[in-house]
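Visitor: Going by numbering that gives the first Met the number 0, the sequence shown opens with residue 0, and the numbers climb by one from there. Glycine is no exception: its CB is placed at the ideal position from the N, C-alpha and C atoms.
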Amino acid sequence: MQIAANYIRLREEIPDHVTIVLAAKTRSVEEIAEVIDAGATDLGENYVQETEQMHALLGEKVNKVRWHMIGHLQTNKINKAIGVFDVMQTIDSMTKAVALNRRVKRAERKPIPILIEINIGSEFTKAGIRPDEHEPFELYMERLVQEMSELSHIRIAGLMTMGPRFGDPEKSRPYFRRARNLFEQLAALGQPNVQMRYLSMGMTNAYKVAIEEGSNMIRVGTAIFGPRLCNRR
């Protein structure tokens with residue numbers, strides 16, 4: 000029951016308005032079931048196929064949580080993805096937004112919430128929209144949100160970012176702060192079909208700093224489940 004205890008402790012430690020998305024990549028069905036029973040409300044997965052398998056194994060527990068796509072979304076996996084995910088956190092281009100919008104419309108399902116993924120540190124090894132490729136970045140993001148808002152089968156619900164990882168979480172603070180400022184700027188647009196509700200940033204190593212800088216959705220795995228072991232399923 001250590002996983003349950005870890006989750007309950009974290010839930011008690013952080014503000015109520017902060018959503019905890021549990022990173023479930025490579026975790027076993029027993030681990031996921033335990034944390035759902037402990038009160039978890041949101042789970043994040045990186046891969047469509049793993050999520051399909053987990054849904055099949057969890058049975059009725061599947062519907063007790065929201066499922067977030069937090070890994071790279073391949074266009075050729077969108078049809079399956081919209082069958083298992085409730086929120087798409089990794090939409091990083093207009094092209095991908097258009098493709099998702101088209102598939103959701105074709106599937107005749109209700110509009111799906113998305114977060115726009117930004118690579119706030121402009122790191123080559125990470126996905127997301129990089130500021131250094133689109134300066135002035137804030138103006139670029141305003142135009143992108145305005146364009147995406149015209150798509151009727153997706154709903155822009157916020158931003159998602161990872162931020163550079165440092166040994167000292169304090170070094171992440173200016174990146175988180177820029178993401179928060181951008182989030183507030185986009186929210187102030189008052190654009191139709193846009194509800195900037197979630198700023199998803201902060202993982203196990205830096206979630207405390209992220210929350211201090213305005214994050215209201217963190218993505219943690221190791222803090223709850225312990226170190227990840229590969230090929231566990």
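(1) What is the residue span of the alpha helix (DSSP H) that residue 21 lies within?
(2) Which runs of the beta strand (DSSP E), 3 residues or longer, sit entirely within the segment 116–172?
(3) State buried or exposed for residue 138, treating a residue as buried only when at least 16 other CB atoms are found within 10 Å of its CB.
(4) To which residues of the same chain is residue 97 closer than 8 Å at the C-beta, ignoring the five residues directly before and after it?
(5) Within 10 Å of its beta-carbon, does residue 215 have 16 or more other beta-carbons around it, so buried, or fewer, so exposed?
(6) Would residue 69 and residue 38 qualify as a contact pair, given that the criterion is a beta-carbon distance under 7 Å?
(7) Looking at the strands, I want to know which residues DSSP matches up with residue 235.
(8) Let me make sure I understand the geometry here. Which of 143, 84 and 134 has the alpha-carbon closest to that of residue 94?
(9) Could you spell out the range, first to last residue, of the alpha helix (DSSP H) harbouring residue 93?
(10) Suppose the cutoff is 7 Å on Cβ atoms and the five residues either side in sequence are ignored; what does the same chain contact list for residue 66 look like?
(11) With DSSP as the reference, label residue 231 as helix, strand or coil.
Guide: Let me spell this out:
(1) Residue 21 -> not in any alpha helix (DSSP H); beta strand (DSSP E) instead, spanning 18–22.
(2) 153–159
(3) exposed
(4) 150
(5) buried
(6) no
(7) Because residue 235 is not part of the residues shown, which for the chain are 0 to 232, the question remains open.
(8) 143
(9) 93–106
(10) 42, 44, 50, 83, 84 and 85
(11) Note that residue 231 scores 46 on pLDDT, short of 50, meaning its location in the model is unreliable and no value can be drawn from it.
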